[in-house]
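Protein chains: 2
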Amino acid sequence: MAMTKNDTLSAFTMSMRKAMLEFKSFLRNKLKESNIDLTFEMLQVLIELWKKDGVNQQELANLLHKDKASLTYLIDNLSKRKLVQRFEDPNDRRNKIITLLPEGSRLQAVILPWIDEMYTVAGKDIPVQLIKDGILLFEKIQSNLNPSAHS
Amino acid sequence: MAMTKNDTLSAFTMSMRKAMLEFKSFLRNKLKESNIDLTFEMLQVLIELWKKDGVNQQELANLLHKDKASLTYLIDNLSKRKLVQRFEDPNDRRNKIITLLPEGSRLQAVILPWIDEMYTVAGKDIPVQLIKDGILLFEKIQSNLNPSAHS
DNA sequence: ATTTAATAGTTAAATATCAAACCAATTTGA
DNA sequence: TCAAATTGGTTTGATATTTAACTATTAAAT
Numbered sequence: 007m008a009m010t011k012n013d014t015l016s017a018f019t020m021s022m023r024k025a026m027l028e029f030k031s032f033l034r035n036k037l038k039e040s041n042i043d044l045t046f047e048m049l050q051v052l053i054e055l056w057k058k059d060g061v062n063q064q065e066l067a068n069l070l071h072k073d074k075a076s077l078t079y080l081i082d083n084l085s086k087r088k089l090v091q092r093f094e095d096p097n098d099r100r101n102k103i104i105t106l107l108p109e110g111s112r113l114q115a116v117i118l119p120w121i122d123e124m125y126t127v128a129g130k131d132i133p134v135q136l137i138k139d140g141i142l143l144f145e146k147i148q149s150n151l152n153p154s155a156h157s
Numbered sequence: 007m008a009m010t011k012n013d014t015l016s017a018f019t020m021s022m023r024k025a026m027l028e029f030k031s032f033l034r035n036k037l038k039e040s041n042i043d044l045t046f047e048m049l050q051v052l053i054e055l056w057k058k059d060g061v062n063q064q065e066l067a068n069l070l071h072k073d074k075a076s077l078t079y080l081i082d083n084l085s086k087r088k089l090v091q092r093f094e095d096p097n098d099r100r101n102k103i104i105t106l107l108p109e110g111s112r113l114q115a116v117i118l119p120w121i122d123e124m125y126t127v128a129g130k131d132i133p134v135q136l137i138k139d140g141i142l143l144f145e146k147i148q149s150n151l152n153p154s155a156h157s
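Shown next, in the form of structure tokens:
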């Protein structure tokens, strides 16, 4: 049977979904091995804060392509675990600035090596140019599906 | 600053996430425009049933890379909407065979054109070979992260 | 043949996502 | 300046995902 371009795209999205799940699964296993009670999504937030601490929820939502409502819950869950803290921005009291607590900072040295390992394992025997081509492909698809989004 | 291969992979996963969200968002908008009360995930199940009706939950879970527990809930929600029905397999009473109800079948003619449109829009000005290259890239990453998985 | 193991499905609990409604604070603009 | 619009965050309700424990059924093994 002839495979149309749209059939290929259907296989593409399926395979993309599965690759995404493998990344998540890799990290979940690492966390579980060390009995760290964190989800992949909470980790995404922490990673952004390790790059730049003191960011408000909306900025985090934008960086992570998540809904601001999702961020409310994620910050709640990170706060419960005493990893981050909310502060009201004195310059604009609508904003809640999120900062790392000591335990949240401490985890960086433990977890970042796992992230690095994950990418090293995932990218084994793959030329970096292929990965860059993949990014360009994603960006083209994004702009096709949503021309108004200014990436 | 120099961008390492792992930095590129980090950008890759971010961009992949975003592309996935655009696909979901496109379909959600279509469904909403027509006031069809279905989620992207319920649609994934229907699409498999449109390809092959009368499949059990575990097979659906495997096809969609989902957990069997997720399928229980998805089938519950599709049943509530009178789109599918569970049957006990007489040959193996552990299995629940899922079949389309009339309304579930009827939706195919409405929704499949949207799926086709989604892929046509997404793939505009993209040579099919690039998409195939993307699939190979995903498969390589999958086997790197999870060598035991026999795709 | 009887015990053991594996498989399919359900349930519960915790978390995540999304849309919509909402509040408070700030910005715009007539 | 004051009303309207925008922005950041929260809440609610519905759905999705994951893990783990559990039941029922079937298959495997000694």
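Protein sequence lines, in the order shown, are assigned to chains A and B. Sequential numbering from 7 applies to the first sequence in our numbering. Sequential numbering from 7 applies to the second sequence in our numbering. Note that beta-carbon positions come from the ideal geometry of N, C-alpha and C, so glycine has one too. Just so you know, these numbers come straight off a predicted model, no measurement behind them.
What in chain B is Cβ-close to residue i, meaning under 8 Å?
i, result
"Y125/A", "K11, N12, L15 and S16"
"I141/A", "T14, A17, F18 and S21"
Helix, strand or coil for residue i, going by three-state DSSP, please let me know.
i, result
"L107/A", "coil"
"N97/B", "coil"
"K4/A", "No information on residue 4/A is available, as it lies outside the stretch 7 to 157 that chain A covers here."
"K72/B", "coil"
"K152/B", "It is Asn, not Lys, that sits at residue 152/B in the sequence shown. If DSSP states are grouped into helix, strand and coil, N152/B belongs with coil."
"K102/A", "strand"
"N41/B", "coil"
As a quick exercise: from the options, pick the residue whose alpha carbon is nearest that of residue i.
i, options, result
"Q64/B", "L55/B, K74/B and K57/B", "K74/B"
"E39/A", "K138/A, I104/A, V116/A and D139/A", "V116/A"
"F18/A", "L136/B, S149/B and E109/B", "L136/B"
"K58/A", "G110/A, V134/A and D139/A", "G110/A"
"E145/A", "M7/B, A8/B, F29/B and M9/B", "F29/B"
"I103/B", "M9/B, D13/B, N152/B and L77/B", "L77/B"
"L55/A", "T14/A, I81/A and L142/A", "I81/A"
"L89/B", "L113/B, P133/B and G129/B", "L113/B"
"I132/A", "L142/B, L66/B, K130/B and A25/B", "L142/B"
"D122/B", "N12/A, H71/A and M7/A", "N12/A"
"L72/B", "M26/A, N68/A, V51/A and N35/A", "Correcting the residue identity first, residue 72/B is Lys in this sequence and not Leu. Selected option, being the one with the closest Cα: M26/A."
"K164/A", "L15/A, A8/A, D43/A and L66/A", "Missing from the structure shown is residue 164/A; chain A here goes from 7 to 157 and no further."
"R92/A", "V61/A, W120/A and P108/A", "V61/A"
"L106/B", "L49/B, V127/B, L37/B and K138/B", "L49/B"
"A128/B", "P153/A, N101/A and R100/A", "P153/A"
"P108/A", "N101/A, L52/A, K24/A and T126/A", "L52/A"
"S31/A", "R100/A, Y125/A and P96/A", "Y125/A"
"L33/A", "G140/A, R100/A and W120/A", "W120/A"
Can you tell me whether residue i is buried or exposed, with buried defined as 16 or more other CB within 10 angstroms of its CB?
i, result
"S21/A", "buried"
"Y79/B", "exposed"
"N41/B", "exposed"
"F46/B", "exposed"
"N68/B", "exposed"
"L70/A", "buried"
"M9/A", "exposed"
"M7/A", "exposed"
"S35/A", "A small correction: the amino acid at residue 35/A is Asn; Ser does not occupy that position in the sequence shown. That one is exposed."
"L15/B", "buried"
"L118/A", "exposed"
Under 7 Å between beta-carbons, which chain B residues line up against residue i? List them in chain order, please.
i, result
"V51/A", "Near V51/A there are no residues of chain B at all, since even the closest Cβ is about 14 Å away, more than 7 Å."
Listing by chain order, which chain A residues have their CB less than 8 Å from the CB of residue i?
i, result
"E94/B", "Within 8 Å Cβ-Cβ: nothing; E94/B doesn't reach chain A, min ~29 Å."
"L136/B", "D139 and L143"
"A128/B", "L15, I147, N150 and L151"
Does any CB atom of chain A fall closer than 8 Å to the CB of residue i?
i, result
"N150/B", "yes"
"V61/B", "no"
"E28/B", "yes"
"I3/B", "Residue 3/B lies beyond the stretch modelled for chain B, which goes from 7 to 157, so this question has no answer here."
Quick check on residue i - is its C-beta less than 8 Å from some C-beta in chain B?
i, result
"A75/A", "no"
"F32/A", "yes"
"K24/A", "yes"
Can you pull the chain A neighbours of residue i, defined as C-beta to C-beta under 7 Å?
i, result
"D122/B", "N12"
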